[in-house]
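J.: Per our numbering, residue -13 is the first one in the sequence shown, and the count goes up by one each step. Cβ coordinates follow ideal geometry from the N, Cα and C atoms, glycine included. One structure follows; several queries about it will come next.
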Amino acid sequence: MSYIIGIVIGVVVGAVIGYFAVQTTSSSKIKQANDKADITLKEADIAAQRKLDDADGKAEKIIAKAMEKNEAVKQRKIQETRDNFSKLKSEFETWKAEQKVEMKEKEFALTTLEKELKTKESGLTTEIERIENREAEQNLIRENLDKQMKIVAKKKEELDAANEQFIKELETISKLSETQAKEQLLEAVKAKATTEAMAIEKEAVSNAMANANKEAKKIVIQTIQRMCAEYTIENTVSVFNLESDDIKGQIIGREGRNIRALEAATGAEIVVDDTPEAIVISSFDPIRRELCRLTLKKLVADGRIHPAKIEETVAKVKKQLEEQIVEIGERTIIDLDIHGLAPYLVKMVGRMRFRSSYGQNLLKHSIETANLCATMAAELGLNPKQVKMAKRAGLLHDIGKVAEEDSELSHALLGMQICEKHKEHPVILNAVGAHHDEMEMNNIISPIVQACDAISGARPGARREILESYLKRIGELEELALSYDGVQKAYALQAGRELRVIVESEKVSDQFADDLAFTISQKIQDEMQYPGQVKVTVIREKRATAFAR
């Protein structure tokens, strides 16, 4: 290729030179130009030949290098093929050896199995022979027994004949028949046995009663001694402490609107007097007192006290109080190590914290009864499962006193229904329903719960009958007012001396509110017993609400 290019270049150059020589010079100079062109062509031929030689040399070197590379690749592939063949051969030899070992193991296992089968077959043959020998021996024994039975039967016949002869001789001597002698003997034995049995029975009953009384007293005394509970006397007021008396004005509000809104929302009476840095919250219902106390705490901390804020805070605190009740119930069952209690029953246990029975806090009474039941059940020697069941029944025995729904049943039977609804054990149901003898007891746990309930309630300082009757009267006052149509809320305040009734403005007019106050007061006067007088206040409030958007 270089050679051709050189020739072309020489031709072109010669042509150009010739053209210019023709144009510019004379014919004499054309010869000189041709000579120069020949020389140039020769030089181009020489250069082209040199480049061609160089190209041939390079081509030979490349071919030689490629041949060397090809030979190296060929040798490497041959070596790889040899290595793979050696590897496959080694693997085949290994597999062959493993198969040989495996075949030997199988042959050994088959040989062993064959030997075992032969041994068992030999043993089976021996056992069959032994059984056949035993059957032959039994046949011989049976034949001997048959012979002996025949001899015994013959001897019995001879003995019966001799016995009849002996009886006839006795009848002749005693001048009594066999039947008469038997009757006289039986009567004598019966009379003696009856006398001895009565003596033994009397002694056993006497010992049992003595021991039972002694053991029962011992168990009850040990149970009481092991249960050291604090004296609990519930009151009906709570004191809310203030940082300064300046806050009292904010709580009362303009013309008393804040304190009225707070009393209407919580149902508790708030007494603001000259007591320094303190406000008294009064209500027979501990939940209402706690609701009012927590609401006051939040309002004072927030600083914004007005009717709308009061209602909003009361709603939030009610929700928090419900959560607190559940938390109290969960903590109680964890402390008592009681498992698997339904969530509703856990909530009812928490509600006991805010109820009292004859002045005794109901939750503390139930916890005390549960611990007493577990102690007494253990003292009686019951198994661990029964001890846990007794503790569970003791905790739930007064669950009917905190029921959310109204019922005419007693708290024992209502509690049994609640427990039955939430899948409690039949033993627990009977213990709850029968702890006041309102149904028959059918297990050992029921009398334990009844006894421990009495122990917890009968200890000094545990209960006060006056407070229970007071709380009952307060509850009846509110229920009486709520029985009228149009009444939205009813709260007994000032220890039952005032009944505040909140009515719905849409259903009750001003004139009917006056009549309702008189009607309620007359019904209280006719149907209830109370000291002093009861003031009935009917509140009818109309609210108009609009929104600016």
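(1) Once the 5 residues before and after V332 are set aside, which same chain residues still bring their CB inside 7 Å of it?
(2) Under 8 Å Cβ to Cβ from I237, same chain only, skipping five residues before and after it: list those, please.
(3) Rounding to the nearest angstrom, what Cα-Cα distance links K110 and S72 in this structure?
(4) Check for me: the alpha helix (DSSP H) holding E410 runs from which residue to which?
(5) In terms of residue numbering, what span does the beta strand (DSSP E) encompassing I256 cover?
(6) In the DSSP assignment, the beta strand (DSSP E) including Y477 goes from what residue to what residue?
(7) Please go through the same chain and pick out, in chain order, the residues whose beta-carbon is closer than 6 Å to the beta-carbon of A328, but skip the five residues on each side of it.
(8) Here's the rule: buried if 16 or more other CB atoms are within 10 angstroms of the residue's CB, otherwise exposed. What is T361?
(9) Alpha carbon to alpha carbon, what distance is there between E391 and L366?
(10) M563 and L348 look like a contact to me (Cβ under 8 Å); what is the Cβ gap, rounded to whole Å?
(11) In its own chain, which residues sit with a C-beta less than 8 Å from the C-beta of I510, not counting the 5 before and 5 after it?
(12) Can you list the alpha helix (DSSP H) stretches of 4 or more residues lying completely in the stretch 55 to 81, in chain order?
(13) Per DSSP, what are the beta-bridge partners of T523 in this structure?
(14) Where does A264 sit, in a helix, a strand or coil, going by DSSP?
(15) Any heavy atom of the ligand SAH closer than 7 Å to the beta-carbon of Q65?
(16) Please report how far the alpha carbon of K528 lies from the alpha carbon of K475, in whole angstroms.
(17) Around the Cβ of R240, are there at least 16 other Cβ atoms within 10 angstroms (buried) or fewer (exposed)?
(18) Does V494 come out as helix, strand or coil in the three-state DSSP assignment?
(19) Compare the Cα-Cα distances from A503 to each of V225, V303 and I525 and report the closest residue.
(20) Just how far apart, CA to CA, sit A356 and G472?
(21) Which whole runs of the alpha helix (DSSP H) in the stretch 87 to 111 are 4 residues long or more, in chain order?
(22) Output the distance between the C-alpha atoms of K17 and L27, rounded to the nearest integer angstrom.
(23) For a test of the three-state rule: what should DSSP assign to N428, helix, strand or coil?
(24) Would you please state the rounded distance, in angstroms, between the beta carbons of I414 and K377? I believe it to be under 8 Å.
(25) Measure from the alpha carbon of H383 to the alpha carbon of each residue in L395, E150 and H351, then state which is nearest.
(26) Count the other CB atoms within 10 Å of the CB of Y217; is the residue buried (16 or more) or exposed (fewer)?
(27) Please return the same chain residues whose Cβ sits closer than 6 Å to the Cβ of E309, not counting the five positions on each side in sequence.
(28) Tell me, please, whether the CB atom of L466 is closer than 8 Å to any CB atom in chain B?
(29) Could you check how far apart the C-beta atoms of I404 and I431 are, in whole angstroms? I think they sit under 8 Å.
(30) Which ranges would you report for the alpha helix (DSSP H) in the stretch 347 to 426 if only whole runs of at least 4 residues count?
(31) Just mark T252 as buried or exposed, buried being the case when its beta carbon has 16 or more other beta carbons within 10 Å.
(32) Which residue marks the beginning of the alpha helix (DSSP H) containing D288, and which one marks its end?
(33) To the nearest angstrom, report how far apart G43 and E79 are at their CA atoms.
(34) Out of K387, G401 and N416, state which residue places its alpha-carbon closest to the alpha-carbon of F340.
(35) Since G380 and L358 should fall inside the 8 Å C-beta cutoff, what is the C-beta to C-beta distance between them, to a whole number of angstroms?
(36) Looking at E424 and S396, is the spacing between their C-beta atoms short of 8 Å?
T.: Reading off the structure:
(1) Residue 332 sits at position 346 when you count from the first residue of the sequence shown. Beyond the five residues adjoining it in sequence on each side, V332 comes within less than 7 Å, by CB distance, of V312, G315, E316 and I319 in the same chain, given in chain order.
(2) Walking along the sequence shown from the start, residue 237 turns up at place 251. Taken in chain order, the residues that qualify are N244, I245, L248, I256, V258, I265, L282, L285, V286 and I291.
(3) In the sequence shown, the residue the question calls residue 110 occupies position 124. In the sequence shown, the residue the question calls residue 72 occupies position 86. Here residue 110 is Leu; the residue named in the question, Lys, does not match the sequence. So the two alpha carbons sit approximately 56 Å from each other.
(4) To locate residue 410, count along the sequence shown from 1; it is residue 424. Careful: E410 lies outside any alpha helix (DSSP H) and carries neither H nor E.
(5) On the sequence shown, residue 256 is found 270 positions in, with the first residue counted as 1. Boundaries of the beta strand (DSSP E) around I256: E255 to V257.
(6) Position 491 of the sequence shown, counting from 1, holds the residue named residue 477. For Y477, the uninterrupted beta strand (DSSP E) segment begins and ends at V473 to L479.
(7) Locating residue 328 in the sequence shown gives position 342, counting from the first residue. Taken in chain order, the residues that qualify are H408.
(8) The residue you call residue 361 lines up with position 375 of the sequence shown. By the neighbour-count rule (16 or more Cβ atoms within 10 Å), T361 is buried.
(9) Residue numbering aside, residue 366 sits at position 380 when the sequence shown is read from its first letter. Residue numbering aside, residue 391 sits at position 405 when the sequence shown is read from its first letter. Cα-Cα distance, rounded: 37 Å.
(10) What is shown of the chain runs -13 to 535, which leaves residue 563 out entirely.
(11) Numbered from 1 along the sequence shown, position 524 holds the residue referred to as residue 510. Same-chain partners within the cutoff: L463, L466, L485, Y516, V520 and V522.
(12) Entirely contained in the stretch 55 to 81, not one alpha helix (DSSP H) run reaches 4 residues.
(13) If you number the sequence shown from 1, residue 523 lands on position 537. According to DSSP, residue pairing for T523 in a beta bridge involves R486.
(14) What you label residue 264 is simply residue 278 of the sequence shown in a count that begins at 1. DSSP places A264 in strand when its eight states are reduced to three.
(15) With respect to the ligand SAH, the structure shown offers nothing to examine, as it has no ligands at all.
(16) In the sequence shown, counting from the first residue as 1, residue 528 sits at position 542. In the sequence shown, counting from the first residue as 1, residue 475 sits at position 489. When rounded, the distance between both Cα atoms is 15 Å.
(17) Locating residue 240 in the sequence shown gives position 254, counting from the first residue. It counts as exposed.
(18) Residue 494 sits at position 508 when you count from the first residue of the sequence shown. Note: V494 maps to coil in three-state DSSP.
(19) Position 517 of the sequence shown, counting from 1, holds the residue named residue 503. If you compare the alpha carbons of V225, V303 and I525 with that of A503, the shortest gap goes to I525.
(20) Here residue 356 is taken as the residue at index 370 of the sequence shown, counted from 1. Here residue 472 is taken as the residue at index 486 of the sequence shown, counted from 1. So the alpha carbons of these two residues sit roughly 44 Å apart.
(21) Complete alpha helix (DSSP H) runs here, min 4: none at all.
(22) Here residue 17 refers to the residue found at position 31 when the sequence shown is read from its first residue. Here residue 27 refers to the residue found at position 41 when the sequence shown is read from its first residue. Straight-line spacing of the CA atoms in K17 and L27 works out to 15 Å.
(23) Here residue 428 corresponds to residue number 442 of the sequence shown, with the count starting at 1. Coil, per DSSP.
(24) Position 428 of the sequence shown, counting from 1, holds the residue named residue 414. Position 391 of the sequence shown, counting from 1, holds the residue named residue 377. Between the beta-carbon of I414 and that of K377 there is about 11 Å, and that puts the pair past the 8 Å contact cut.
(25) The residue you call residue 383 lines up with position 397 of the sequence shown. Here the closest residue by C-alpha is H351.
(26) Position 231 of the sequence shown, counted from the start, is the residue given in the question as residue 217. In this prediction, Y217 scores a pLDDT of 37, lower than 50, which makes its location untrustworthy; no coordinate-derived value is stated.
(27) Working through the sequence shown from its first residue, we reach residue 309 at position 323. Short of 6 Å from the beta carbon of E309, and not among the five residues preceding or following it, lies no beta carbon of its own chain.
(28) Among the chains in the structure shown there is no chain B, since it carries only a single protein chain.
(29) For the purposes of this step, residue 404 is identified with residue 418 of the sequence shown, where counting begins at 1. For the purposes of this step, residue 431 is identified with residue 445 of the sequence shown, where counting begins at 1. Going by Cβ atoms, the distance from I404 to I431 rounds to 18 Å, so no, they are not a contact pair.
(30) For the alpha helix (DSSP H) assignment, the uninterrupted runs of no fewer than 4 residues enclosed by the stretch 347 to 426 are, from N- to C-terminal side, 348 to 365, 370 to 382, 397 to 407 and 412 to 419.
(31) Within the sequence shown, the letter at position 266 stands for residue 252. Taking all protein chains shown into account, T252 has 16 or more neighbouring C-beta atoms within 10 Å of its C-beta and is therefore buried.
(32) Position 302 of the sequence shown, counted from the first residue, corresponds to residue 288. Run containing D288: P272 to D288, per the alpha helix (DSSP H) assignment.
(33) Counted from its first residue, the sequence shown places residue 43 at position 57. Counted from its first residue, the sequence shown places residue 79 at position 93. It is roughly 54 Å from the alpha-carbon of G43 to the alpha-carbon of E79.
(34) Working through the sequence shown from its first residue, we reach residue 340 at position 354. Nearest C-alpha to F340 among K387, G401 and N416: K387.
(35) Counting from one through the sequence shown, the residue named residue 380 turns up at place 394. Counting from one through the sequence shown, the residue named residue 358 turns up at place 372. That pair is a contact at about 7 Å.
(36) Here residue 396 refers to the residue found at position 410 when the sequence shown is read from its first residue. Here residue 424 refers to the residue found at position 438 when the sequence shown is read from its first residue. Yes, these two residues count as a Cβ contact at 8 Å.
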